[in-house]
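Numbering (our numbering), first residue to last: -4 to 213.
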């Protein structure tokens, strides 16, 4: 069970400091990236608890159904199974999630459609790409495999997503702890030191990153 207070501390710190997905990935040992998930609009930043929803068998019926449970501040992660390259959502669902449910952002490793409106309204959205041909709205005759649901629930229930121009990184539930918060503090301090050494001391990056020459000075 994830410590809700600790999750809030981590989310609030990342939001306040605007800690980048790059820095968070470094804190995770250079892991955590969501593959095939790229920013639609430049300059957006989102961080919040992951709300995992899914589409499958070329239908997004389940997405519409699960979106009802979005909480304010969530980052909605729409994952597709057996949907080929069909778009899983478009402008309507994006507007519902961002404007009506107050989600912090919406991410997907599948395609979206209605790029013109998502761009026009500058929604904080990240996805694989775009396709004008979307999923059907039929209720599926079967449920998504129980093993997949259980696996993803374990992966994302209590996880935190960080999204910016570089991409999306997810902090897993087992890393929502004091150690992670300390790493976030430390990496901010490290970045400040590195750029000070670069800009004020005119050191080269080999001296800064590899030799860590700054550790020998006050």
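Ideal placement from N, C-alpha and C gives every residue a C-beta, glycine not left out.
message: So the candidates are 71, 66, 34, 118; which of them puts its Cα closest to the Cα of residue 48?
response: As a first step, residue 48 is located in the chain shown; it is residue number 53 there, counting from the start. Of the candidates 71, 66, 34, 118, the one whose C-alpha sits nearest the C-alpha of residue 48 is 71.
Opening and closing residue of the beta strand (DSSP E) in which residue 49 lies: Looking up residue 49 in the chain shown gives position 54. Segment 41 to 51, the beta strand (DSSP E) holding residue 49.
- prompt: Should residue 128 be labelled buried (16 or more other beta-carbon atoms within 10 Å of its own) or exposed?
  reply: Along the chain shown, read from residue 1 onward, the residue named residue 128 stands at position 133. By the neighbour-count rule (16 or more Cβ atoms within 10 Å), residue 128 is not buried but exposed.
query: Should the region 87 to 96 be called in touch with the region 134 to 145, which here means at least 3 C-beta pairs below 8 Å?
result: no
- prompt: Helix, strand or coil for residue 68 per DSSP?
  reply: Within the chain shown, the letter at position 73 stands for residue 68. Residue 68 falls in the coil class under three-state DSSP.
- request: Could you check what DSSP says for residue 189 in three-state terms: helix, strand or coil?
  value: Here residue 189 refers to the residue found at position 194 of the chain shown. Residue 189 falls in the helix class under three-state DSSP.
- request: Output the distance between the C-alpha atoms of residue 26 and residue 19, rounded to the nearest integer angstrom.
  value: Walking along the chain shown from the start, residue 26 turns up at place 31. Walking along the chain shown from the start, residue 19 turns up at place 24. C-alpha separation (whole angstroms): 9 Å.
query: Are the region 177 to 184 and the region 31 to 45 touching by the rule of at least three beta carbon pairs closer than 8 Å?
result: no
task: For my contact list, residue 15 and residue 159 are in at a C-beta cut-off of 8 Å; report their separation, rounded to the angstrom.
output: Here residue 15 refers to the residue found at position 20 of the chain shown. Here residue 159 refers to the residue found at position 164 of the chain shown. Indeed they touch by this definition, with Cβ atoms about 6 Å apart.
Endpoints, the beta strand (DSSP E) within which residue 157 is located: Here residue 157 refers to the residue found at position 162 of the chain shown. Residues 155 to 159.
query: Going straight from the alpha carbon of residue 166 to that of residue 199, what length do you get?
result: Locating residue 166 in the chain shown gives position 171, counting from the first residue. Locating residue 199 in the chain shown gives position 204, counting from the first residue. The alpha-carbon atoms of residue 166 and residue 199 are separated by roughly 32 Å.
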